[in-house]
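So the structure is just underneath, and the comments pick up after that.
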Amino acid sequence: MNKPVVLRFAPSPTGPLHIGGVRTALYNYLFAKQQKGRLILRIEDTDQNRYLEGAEAHIRESFKWLGISFDEGVEEGGPNGPYRQSERARQGIYRQYASQLVESGHAYYAFDTPEELEEMRNRLKAGGQKLVQYNYAVRPQMKNSLNMPPEEVKARLDAGEPYVIRMKMPRKEEIRFYDEVRQWVVFHSSQLDDKILLKSDGMPTYHLANVVDDYLMGISHVIRGEEWLSSTPLHVMLYRSLGWEDHIPVFVHLPLILNPDGKGKLSKRQAYKLGFPVFPINWQDPQNGELSVGFREAGYLPEALLNYLALLGWNPGTEEEVMSLDRLAELFSLEKINNSATNFDPLKLKWFNQVYLRSKDVEALLPMVKEELKKQELPLPSDEFLAGAIELLRDRVQFPAEFVTAAPYLYAAPEQYDEKTARKRWTPEAKQHIAALLEQLKMLENWDAAAIKATVDTYVETAGIRHGLILAPLRLLLTGQPKGPDMFAMAALLGKQACTARIEQAMNQLPLAA
RNA sequence: GUCCCGUUCGUCUAGUGGUUAGGACUCCAGAUUUUCAUUCUGGCAACAGGGGUUCGACUCCCCUACGGGAUGCCA
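Here our numbering = 1-based position in the first sequence + 37.
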């Protein structure tokens, strides 16, 4: 019988949710969904010193925007709660297992002070040791329960002396584990150190907490970033030492996401320099007040971000690229996850954004355009007008804001006219024709694109001139721009009143080309 | 330094011993369009290097180089 599929995403609220975390969460989500399993959101807040106010809320908000939902978590509830490790720690869960490990001889108490540890490291370094770590070799020289009589240990403990519990890493043991992405990975325990499992503040370290919780929560697959690969042997040892060898989850270590130039882990700094976000939604650093613009605020659609991210390290093995979340969940497979680090490509993300933006119906786009108008402090036209504007512009925008910024003339008469175009097109001859055409346009009863076009066509034909002589200057007068969407449709949308007014206004104002 | 992981067009990638090495983004050219964008067509562009194994290696093995990660009372 197959074990139930239970996944978890376990962020630490020491900072905002990062794009790499989003991808990890996404893969967890996709796999859980595909396998009809459960997905848990667990908050790994065991570091009291680095806890950041607002980070947890940022994480939650981000997922809400992205449309990634969890079956269990702090807000969702569930049978495996509590879902914050700090709360679980308060229940004594981790201490209990740490004690069990001490009793079974797999771990021990250590009373070394930070200064003593520092001294030990310096000594090893000075001695030319290649392994500078608290391990089987230095263990006998340190202040720990392995080197003192039980009475002394008890006395120190009873006296409330600060202590940690360390893993007693065996001296010589091969640790093999299977990773779905890298296949078999082998480590030797001799290279590993006696990692702290329980800190002196009583909190567990990540290693202990994640193993205990994964076991307790019945996690079947651990999908996480590659930076965890190196500590996986410790985790495996922990499972073994706790007698949970049969419950070791399937490990899936995802390749890292690097900066666009391939140099180093994707960083906020690099991203900022290149002009793209790294956080799903805005993040204001509570310490220095610095604001980082999120993908949401920058005009990215969650579908686009997710689609792009899904393909960053995975692909369906076909040439299908534009996929909904449902489709992704359908096609997702662990075997097809890539094993090499990947560069973040903001250009391709933009392309996805364009694809998704264009496919949205007017109803969905309307609120985005309105919001942008509000932001720009522009008057709010009717929905009908905006719908027309959206249809007019949909093939030429990558971001919602561009429905406004790319065509400001739809919302207000132009105040400036493109100089180069004016110099070239606004000739005395052009002005003369436009004036004559204006009279005809004024008489037009049905102000629609076809009628306007017919009027212009007829005028051009009878005057025996080329379209360019009329069209380019006309567009200039109407919009101030040399380019833009279909002019007749645009003029129709603007309305007769506005168009004739703009033409007249420009005829009076705009100096002729020499 | 040590351990671990990795290396196909500029980028994301397909590829599991015999392929004209395929697709997408970017870029370029042409067509369409009143212009720009869209769309369509076409083009440029890759197996890190060296040894093996094999009739035959992008595919398997080893070495080198390069990149990355870990090496915390952080996750």
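Cβ coordinates follow ideal geometry from the N, Cα and C atoms, glycine included. Treat the numbers as computed from the prediction; the structure is a model and nothing was measured.
Q | Classification of ARG395 by the beta-carbon crowding that lies within 10 angstroms, buried from 16 upward | A | Label assigned to ARG395: exposed.
Q: Return the bridge partner residues of LYS302 from the DSSP annotation.
A: Residue pairing from DSSP places LYS302 in a beta bridge opposite LEU295.
Q: Pull up the distance between the alpha-carbon of ILE77 and that of ILE374, whole angstroms please.
A: Each residue's Cα considered, the two are about 21 angstroms apart.
Q: Using DSSP bridges, identify the partner residues of MET204.
A: Per DSSP, ALA144.
Q | Residue from TYR309, PRO445, GLN128 and GLN71 whose Cα sits closest to the Cα of ALA246 | A | The shortest C-alpha to C-alpha distance from ALA246 to any of TYR309, PRO445, GLN128 and GLN71 is the one to GLN128.
Q: Give me the Cβ distance between LEU279 and GLN137, rounded to the nearest whole Å; I'm assuming they're in contact under 8 angstroms.
A: Contact annotation, LEU279 with GLN137: C-beta distance approximately 7 angstroms; criterion of less than 8 angstroms satisfied.
Q | Delimiting residues of the beta strand (DSSP E) encompassing ASP250 | A | First-last for ASP250: 243-253, but that is the alpha helix (DSSP H), not the beta strand (DSSP E).
Q.
Considering only their Cβ atoms, is the gap separating VAL223 from ILE130 smaller than 8 angstroms?
A. Remark: C-beta atoms of ILE130 and VAL223 do not approach each other more closely than 8 angstroms.
Q: Starting from VAL441, follow the alpha helix (DSSP H) in both directions and report where the run begins and ends.
A: Element bounds for VAL441: 439-442.
(Q) If contact is defined by three or more beta carbon pairs under 8 angstroms, each pair taking one atom from either stretch, is the region 480-490 in contact with the region 498-510? (A) At 8 angstroms Cβ cutoff, the stretches do not touch.
Q.
When you compare the CB positions of LEU514 and ILE489, do they come within less than 8 angstroms of one another, or not?
A. Taking 8 angstroms as the cut-off, the beta carbon of LEU514 is found no closer than this to the beta carbon of ILE489.
Q: Let me know the secondary structure DSSP gives ARG219 once reduced to three states.
A: If DSSP states are grouped into helix, strand and coil, ARG219 belongs with coil.
Q) Would DSSP call LEU348 helix, strand or coil? A) In the structure shown, LEU348 sits in coil (DSSP, three-state: anything other than H, G, I, E or B).
Q | Three-pair Cβ contact test at 8 angstroms for the region 59-70 versus the region 227-237 | A | Judged by Cβ distances under 8 angstroms, the region 59-70 makes no contact with the region 227-237, as fewer than three pairs qualify.
Q.
On a Cα-Cα basis, can you pick out the residue from GLU409, ALA472 and LEU474 that is closest to ALA443?
A. Closest option to ALA443, Cα to Cα, is GLU409.
Q: Take ILE318 as the anchor and find which of THR83, GLY74 and GLY91 has the nearest alpha-carbon.
A: The candidate whose alpha carbon is nearest that of ILE318 is GLY91.
Q | Through-space distance from TYR120 to ARG79, alpha-carbon basis | A | The alpha-carbon of ARG79 is positioned some 5 angstroms away from that of TYR120.
Q) Candidates ALA163, VAL287, PRO286 and SER304: which alpha carbon is nearest ILE294's? A) Of the candidates ALA163, VAL287, PRO286 and SER304, the residue whose Cα lies closest to the Cα of ILE294 is SER304.
Q.
Please tell me whether TYR146 and TYR200 are closer than 8 angstroms, where the distance is taken between their beta carbons.
A. The answer is yes: Cβ separation under 8 angstroms.
Q. What is the DSSP secondary structure of HIS284, counted as helix, strand or coil?
A. Three-state DSSP puts HIS284 in a helix.
Q | When ASN86, ARG97, LEU103 and THR51 are compared against LEU362, the one with the closest alpha-carbon | A | Considering only alpha carbons, the answer is LEU103.
**Q.** Check whether PRO241 and LEU89 have beta carbons under 8 angstroms apart
**A.** No.
Q. Which first and last residues belong to the beta strand (DSSP E) in which HIS258 is found?
A. Note, HIS258: beta strand (DSSP E), 258-262.
Q. If we call anything under 8 angstroms between Cβ atoms a contact, is LEU415 one with ALA449?
A. Yes, the Cβ-Cβ distance between LEU415 and ALA449 is below 8 angstroms.
Q.
Going by DSSP in three states, ARG45 sits in which element: helix, strand or coil?
A. Assignment of ARG45 by DSSP, reduced to helix, strand and coil, places it in the strand class.
Q: Measure the beta-carbon distance from ARG75 to VAL43 and round it to whole angstroms, keeping in mind my assumption that it falls under 8 angstroms.
A: Sure, about 5 angstroms apart at Cβ, within 8 angstroms.
Q | Rounded separation between PHE148 and LEU54 - CA only | A | Each residue's Cα considered, the two are about 36 angstroms apart.
Q | Candidates THR379, PHE316, ILE285 and SER370, of which the one nearest LYS302 by Cα | A | Per the Cα distances, THR379.
Q) Can you name, in chain order, every residue of its own chain whose Cβ lies under 8 angstroms from the Cβ of ALA135, other than the five neighbours on each side? A) Excluding residues within five positions, the ones whose Cβ falls inside 8 angstroms are ALA144, ILE202, LEU234, LEU235, PRO241 and LEU245.
Q.
Closest to LYS40 by C-alpha separation, out of MET254, PRO522, GLY350 and ASN159, would be which residue?
A. Measuring from the Cα of LYS40, the nearest candidate turns out to be MET254.
Q | Beta-bridge pairing of HIS290 - partner residues as DSSP gives them | A | Bridge partners of HIS290: ARG261.
(Q) Short of 7 angstroms in beta carbon distance, which residues of its chain neighbour ILE105, apart from the five on each side in sequence? Order them along the chain. (A) Closer than 7 angstroms at Cβ, skipping near neighbours: ALA62, LEU63 and TYR66.
Q | Per DSSP, the bridge partner or partners of SER329 | A | Residue pairing from DSSP places SER329 in a beta bridge opposite TRP320.
Q: Decide if ASP82 is buried, meaning its Cβ has at least 16 other Cβ atoms within 10 Å, or exposed.
A: Label assigned to ASP82: buried.
Q) Opposite THR379 in the DSSP bridges: which residues? A) Beta-bridge partners assigned by DSSP to THR379: ILE294.
Q. Is ILE212 helix, strand or coil by DSSP?
A. Collapsing the DSSP output to three states places ILE212 in a strand.
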